[in-house]
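Written out below as structure tokens is the structure these notes cover.
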Amino acid sequence: MTAMMKNYLHFTAGDTLLFQTWHPNSSGAIAGACIGLVLVGLLERWLSATRAGLESYWHQRTLALTSHDASEEKCCEDDTASEKSGSAAGRKITRSVPPFIAAHDVSRGTIYAVQTLLGYILMLAAMTFEAAPQASNISSIMRFSTALILTGLFAAVNAHFQLQFPPPRGVFVEDQEPNFCDGYDSVASNRTSFPLSGGIISLNSEHPQWTAAVFITNASNPTSFDNFTQITSFFQETIEGTFCMSFDLSQTNATGLTNGENVTIQILYDGGDGNLFQCADLTLDTSANVSSQSCTNTTSSSSGALHLVMLFKLRRKESPWEVAERKLVDPVLMYEEEELDLDVVNQSDICGTYVFDVKKHDQSEADLRNAVVIARQQLLQEIATKGLNVLLTESWNLTVYRQGKRRRIEVRYSGRPAHACGKLPLIHPPPFMEVLRDCLRS
1 MTAMMKNYLH FTAGDTLLFQ TWHPNSSGAI AGACIGLVLV GLLERWLSAT
51 RAGLESYWHQ RTLALTSHDA SEEKCCEDDT ASEKSGSAAG RKITRSVPPF
101 IAAHDVSRGT IYAVQTLLGY ILMLAAMTFE AAPQASNISS IMRFSTALIL
151 TGLFAAVNAH FQLQFPPPRG VFVEDQEPNF CDGYDSVASN RTSFPLSGGI
201 ISLNSEHPQW TAAVFITNAS NPTSFDNFTQ ITSFFQETIE GTFCMSFDLS
251 QTNATGLTNG ENVTIQILYD GGDGNLFQCA DLTLDTSANV SSQSCTNTTS
301 SSSGALHLVM LFKLRRKESP WEVAERKLVD PVLMYEEEEL DLDVVNQSDI
351 CGTYVFDVKK HDQSEADLRN AVVIARQQLL QEIATKGLNV LLTESWNLTV
401 YRQGKRRRIE VRYSGRPAHA CGKLPLIHPP PFMEVLRDCL RS
């Protein structure tokens with residue numbers, strides 16, 4: 001190169017872009033370079049959206065492939081059966097690495113590598129510090145290209161989440177997000193009063209699509225993931241910005257919580273590029289009231305950087321979700337007494353709530369059936385972490401929501417978990433699936 005690149009913001013042509021032979025000087029060459037960068041930015045954003053959708057699909061496929069592994073363990077002896085029965089309910093759900101599935105993980109790695117490469121290309125383009133050429137007839141194209149580059153870089157390096165309420169242990173530390181409690185391994189000196197019922201959880205998401213779950217511990221100073229127990233099922237949301245949900249501890253599977261008890265909750269958040277964690281230290285208080293806390297959700301999923309480009313476009317006000325249809329199936333006994341050799345039966349039912357967004361404008365019977373089946377698979381996987389492997393009774397409640405042309409399916413699946421020795425009989429389909437046909441007539 002005969003001249004050094006200017007390392008400051010300038011408005012003149014002549015910089016080398018990416019390759020030594022790519023040296024746009026004329027108006028036409030600069031316009032072509034701008035169009036090329038625009039296409040790179042659009043491709044990077046498309047890959048990001050595609051990967052988020054595939055993460056949801058891969059998660060559901062993983063559940064389908066792993067939830068039916070029958071327990072072949074030898075039955076316990078009579079003198080140890082009572083001991084197992086007493087300890088099974090108290091087992092904690094520990095954090096585990098998902099199984100390696102080549103079709104999923106190789107594709108995930110390939111897409112992530114290409115997306116990283118595109119982000120690196122945009123970064124190198126931005127490092128030329130060239131904001132506009134001398135030719136005024138294409139200055140608007142160059143400005144748009146620069147804004148799009150910033151959009152890609154913003155999304156590539158600034159995809160995080162922040163717990164807003166209850167307040168986290170400390171100030172958000174971006175580099176520590178993948179670590180236990182965002183890098184804070186000591187409890188906060190000033191715990192937040194939190195109600196046993198009627199609470200909320202609010203966070204800010206910088207991913208357009210993500211999955212999360214809530215864990216809890218009553219350890220005085222938890223130091224690892226093993227101290228925590230999962231109290232909500234994994235739920236998926238398609239929202240970027242502020243997200244708030246009701247959080248009723250009395251309706252979760254957390255047991256033994258009392259007024260005045262000190263607990264710590266940990267939020268596990270996955271936006272498609274790894275698990276992120278934040279913790280909040282609480283004191284349970286039946287008289288605590290969080291109604292003054294704002295609990296509103298962002299209705300737009302556009303990123304902050306994209307708003308710089310599309311500032312002239314007014315945000316469309318979205319209508320609230322409405323209940324379109326609801327079906328309820330009461331508890332049904334799934335096995336005859338002679339079919340199972342039971343050694344542990346849980347004292348109460350366990351339930352989970354699962355939400356599915358329908359891509360099409362209208363849901364089909366297959367969509368409804370798949371939602372119920374996947375909800376059951378998720379619940380079976382959750383009880384498996386507690387040493388249980390069958391649901392003696394099952395019931396479910398399906399609700400279809402609509403918002404304009406959008407559809408959302410929510411399934412609340414319940415059952416009485418137990419542990420059966422030996423080989424399990426053929427699993428029955430969820431009860432009374434035929435009632436779903438009525439949902440299509442609405």
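Residue numbers (the UniProt record's numbering): 1 to 442.
Quick reminder that beta carbons are idealized off the backbone N, C-alpha and C, glycines included.
Cα separation between ASN346 and THR393? Approximately 11 Å, taken between the alpha carbons.
Leaving out five residues before and five after PRO167 in sequence, what residues of the same chain have Cβ atoms less than 7 Å from its Cβ? Once the five neighbours on either side are set aside, the close Cβ partners of PRO167 are THR192 and ALA280.
Between ASN259 and LEU284, what straight-line distance do the alpha-carbon atoms span, to the nearest angstrom? Their Cα atoms are separated by approximately 5 Å.
Less than 8 Å separating the beta-carbons of ALA125 and LEU18? Taking 8 Å as the cut-off, the Cβ atoms of ALA125 and LEU18 count as close.
Hey, ALA384 and ILE409 are a contact pair by Cβ (cut 8 Å); roughly how many whole angstroms apart? By a beta-carbon distance limit of 8 Å, ALA384 does not contact ILE409. Their separation comes to about 24 Å.
Would you identify the three-state DSSP class for ALA31, choosing helix, strand or coil? Three-state DSSP puts ALA31 in a helix.
At 3 residues or longer, and completely inside the region 384-412: list those beta strand (DSSP E) runs for me, N to C. For the beta strand (DSSP E) assignment, the uninterrupted runs of no fewer than 3 residues enclosed by the region 384-412 are, from N- to C-terminal side, 390-403.
With three or more C-beta pairs closer than 8 Å as the rule, is the region 177-187 touching the region 234-245? Fewer than three beta-carbon pairs drawn from the region 234-245 and the region 177-187 are found closer than 8 Å, and the two stretches are therefore not classed as touching.
Report yes or no: is there a C-beta of chain D within less than 8 Å of the C-beta of GLY274? Absence of chain D from the displayed structure is noted, only one protein chain being present.
Cβ of ALA420 within 8 Å of Cβ of ASP349? Taking a C-beta distance under 8 Å as the contact criterion, ALA420 and ASP349 do not qualify as a contact pair.
Say whether the region 222-233 touches the region 322-342, bearing in mind that this needs 3 or more beta-carbon pairs closer than 8 Å, one atom from each stretch. With the cut-off at 8 Å, the region 222-233 and the region 322-342 do not touch.
Please determine, among ASN262, VAL358 and GLU55, the residue with the shortest C-alpha to C-alpha distance to ARG402. Considering only alpha carbons, the answer is VAL358.
Measuring straight from C-alpha to C-alpha, what distance separates GLN266 and ASN190? Here the C-alpha atom of GLN266 lies approximately 17 Å from the C-alpha atom of ASN190.
Taking the alpha carbon of GLN378 as the reference point, which residue from SER26, TRP210, LEU196 and SER414 has its own alpha carbon closest? Residue SER414 is the option with its Cα nearest to GLN378.
Looking only at its own chain, which residues have a Cβ that is under 6 Å from the Cβ of SER71, when we skip the five neighbours before and after it? Residue confidence is low: SER71 scores 38 on pLDDT, short of 50, so the model does not pin down where it sits. Its coordinate-derived value is still stated next. The residues ASN389, in chain order, have a CB closer than 6 Å to that of SER71 in the same chain once the five nearest residues on each side in sequence are set aside.
Please name the residue or residues paired with ALA420 in a DSSP beta bridge. ALA420 is bridged to LEU342.
Taking three-plus beta-carbon pairs below 8 Å as touching, is the region 203-220 in contact with the region 243-250? Remark: three or more beta-carbon pairs, one from each stretch, lie closer than 8 Å, so the region 203-220 and the region 243-250 are flagged as touching.
Compute the distance between the beta-carbons of VAL323 and THR399, then report whether it is under 8 Å. With contacts defined as CB atoms closer than 8 Å, VAL323 and THR399 qualify as a contacting pair.
Which of helix, strand or coil DSSP assigns to ILE101: The answer is coil: DSSP assigns ILE101 none of H, G, I, E or B.
Where does LEU117 land, buried or exposed, given buried means 16+ other C-beta within 10 angstroms? The residue is exposed, with fewer than 16 neighbouring Cβ atoms inside 10 Å.
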